[in-house]
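Position 92 (the sequence shown) corresponds to 81 in the numbering used here; numbering is contiguous. Where a beta carbon is used, it is the ideal one built from N, C-alpha and C, also for glycine.
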Amino acid sequence: MKEWFSPKELTDIEGLPSTTQGVNRKARVEHWTARKRMGVRGKALEYHIGSLPKNVKDILIVKEEAASYVVSPIEPLQLWITAFEQLTKEEQATVTSWLMRNGIKDFMVFINETQKDS
């Protein structure tokens, strides 16, 4: 869950000002927890979700949960690693053993035959 939000990210939240200046002003008045934004020159700040009004936190949590279902492109190697890590230890051992014994060519033959049967 994201914890820090820039004023720009907060401008489209219902109940908050629609400009970054307005969000910053409200943050100062209500003493929101702030920190300097990393990698940005000047006085750019971001605000911790814990210091935001409850209705704003609720909206951000709902947005974050909805965003977690968005699938972004993934590098093939990372996909393999992620899939492998989701296996149990026994399944990982089985897959590793099968690949070591049969090799990737037999794996591709197996995949192609499985696709034909579908």
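Starting from the C-beta of THR9, find all residues in its chain whose C-beta is less than 7 Å away, skip the five residues before and the five after it, and write them out in chain order. PRO(-4), LYS(-3) and THR0
Out of THR22, VAL18, TRP69 and GLU3, which has the shortest C-alpha to C-alpha gap to TRP(-7)? THR22
How about the stretch 11 to 30 and the stretch 40 to 49: do they share at least three Cβ pairs that are nearer than 8 Å? yes
Starting from LYS94, follow the beta strand (DSSP E) in both directions and report where the run begins and ends. Counting along the chain, LYS94 falls outside any beta strand (DSSP E), though it belongs to the alpha helix (DSSP H) covering 78 to 106.
Name, in chain order, the residues that DSSP records as bridge partners for ARG24. Residue pairing by DSSP puts ARG24 in a beta bridge opposite GLU35.
Can PHE96 and LEU88 be called in contact, C-beta distance under 8 Å? yes
How long is the line joining the alpha carbons of LEU76 and ARG30, rounded to whole angstroms? 44 Å
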